[in-house]
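The numbering of the sequence shown is our numbering, which starts it at 155 and goes up by one.
Think of the CB as a built atom: it goes at the ideal place given N, C-alpha and C, for glycine as much as any other residue.
Keep in mind the model is a prediction, meaning the values are calculated, not measured.
Below is one structure, written out as structure tokens; comments come after it.
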Amino acid sequence: MDPLVNIEGECFDAVFGEAVRDRALRALEGGRVLFFPRLTFPLGADERSFLDPRCSDGRAKNISYDVSSGSLKGTALAGHERERLRDMVARYAQSARTLVEGLLPGYTPHLRLGRTSYRPVEAKERPSSYRKDDSRLHVDAFPSRPNGGQRILRVFSNVNPDGRGRVWRLGEPFETCARRFLPAIRPPLPGQRWLLAACGLTTGYRSAYDHYMLALHNAMKGDDYFQRHCPQYEVTFPAGTTWVVFTDQVPHAAMAGQYLFEQTFHLPVQGLNEPAHAPLSVLERLLKRSLVATRDQNRSIRAS
């Protein structure tokens, strides 16, 4: 099955018909990538100066914007230039939200806007440890930011001025990966998750779901045979295109590309049309146990 589903739309505030919205919703929750071949995030003439890797501070892989605080991190720019860069990234955050709410209106009451990033640095051969190496197939899970089972929905736009594509690998279905790696994953140690939160190593309590998702993320990245031989597709997203995907569900790896915008959204499982497809539901079915107690969800939501 083709992992991409083409959606026609030339602007972020495009109006989509009911048939398109239904097709997009089923494909997205079923583990496919929504691809917009003609949807470009336009840059103003005064913003093109930011198409330069020197905008990065050289330490963080992304320039990150927090809409709740208005803070911008990971950039070497200061003063007026920093403010202009922040405005550009904030404009992308609003554009991505408009797109998601127009295409997936059922999500609107449940969506929470996460971090926005601008990635001006070449992804290929960026040095890192294997756990931080995004060129290795993985599903998204974060060691310091537990989410208690909420979905991770992301919008990406390639704005490369030289016409270079963003190259990804896409892997096998989530449940197939989970069945492959879960038998070797140990349950959390008693008191471990409480201690991580108490010491400030996690922003809130790490639920059992977060434990298994992080272990799955690490196991996938650390298995060289899996990286080379599991069923996978190489996909190139051309410059001037946009795509939307649940990155906690779809195994993916960023192989090459430069100048990318990304917006993260968090969505509770109860906001989905088909909750049975969610990683939380899949893991609970395979492990035959509940992975997120109500108190864990409340702690995670308050912390995030």
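The beta carbon of Q424 lies closer than 8 Å to those of H264 in the same chain, with the five residues before and after it left out. Counting of Cβ neighbours within 10 angstroms places A277 among the buried residues, the total reaching 16 or more. As DSSP reads the structure, I161 sits in no beta bridge.
Following the DSSP letters along the chain, one finds K375 inside the alpha helix (DSSP H) bounded by residues 362-376.
The alpha-carbon separation between P315 and F296 amounts to approximately 31 Å. With respect to the 8 Å criterion, D211 and A230 are classified as neighbours on the basis of their beta carbons.
Between P274 and P327, the beta carbon gap of about 33 Å keeps them out of contact (Cβ cut-off 8 Å).
Shown here, D167 sits in coil according to DSSP, grouped into three states, outside any helix or strand. Taking C-alpha positions only, M155 is separated from C353 by approximately 45 Å.
Rounded to the nearest angstrom, the gap between the Cα atoms of K442 and S435 is 10 Å. Between the region 183-197 and the region 381-399, the count of C-beta pairs closer than 8 Å reaches three or more; the two stretches touch. Note on A250: 16 or more other CB atoms within 10 angstroms of its CB, so buried under the neighbour-count rule. Linking T270 to E416 through their CA atoms gives a straight-line distance of about 6 Å. Judged by DSSP in its simplified three-state form, M242 adopts helix.
Per DSSP, the unbroken beta strand (DSSP E) holding R320 starts and ends at 320-324.
A contact is defined here as three or more CB-CB pairs under 8 Å, and the region 364-373 fails this definition with respect to the region 157-164. Here the alpha carbons of M367 and R334 stand approximately 13 Å from one another. By the C-beta density criterion, E164 is exposed, having fewer than 16 other C-beta atoms within 10 angstroms. The region 377-396 and the region 227-246 do not touch, with fewer than 3 CB-CB distances between them shorter than 8 Å.
DSSP places E438 inside the alpha helix (DSSP H), whose first and last residues are 433-441.
Judged by their CB atoms, L258 and R360 are not nearer to each other than the 8 Å cut-off.
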